[in-house]
Amino acid sequence: MPRTRQPREFRPCSLSLCFDWLESIAGLARCMCLSKDPRQQLKTWTATEQAARTRENDAAQALTTEQKRWVHLNTRLDELERLLAPVR
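This note's numbering puts the first residue of the sequence shown at 22, with every later residue one more than the last.
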């Protein structure tokens with residue numbers, strides 16, 4: 022009976038993303054505490070939010086690229102298994 026290979030699940034290493042997010046929040050909190058001017062706080066908040074969104078988009082693109090690589094690899098492995106399977 023041929024062995025069926027289970028698809029591999031992609032699990033991204035999100036630890037660095039968590040640290041980036043925490044650094045953004047910590048930096049925002051420091052800036053908010055240092056500045057009493059509401060306009061400056063708004064500028065700081067807007068810049069920090071934009072930077073976080075940019076990092077999030079970059080991470081999402083990297084994840085999509087990596088998932089495509091795994092799908093391609095799994096497809097090639099399936100082809101190899103099919104070619105190497107015994108003839109009945």
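Here a beta-carbon is modelled for each residue, glycine too, at the ideal position from N, C-alpha and C.
The model shown is predicted, which means the values in this text are computed figures rather than measured ones.
{"Item": "Residue interval of the alpha helix (DSSP H) (run including proline 59)", "Value": "59-105"}
{"Item": "Close beta carbons around proline 107, own chain, < 6 Å, minus the five adjacent residues each side", "Value": "none"}
{"Item": "Straight-line gap, glutamine 71 to alanine 81 (C-alpha atoms, nearest Å)", "Value": "15 Å"}
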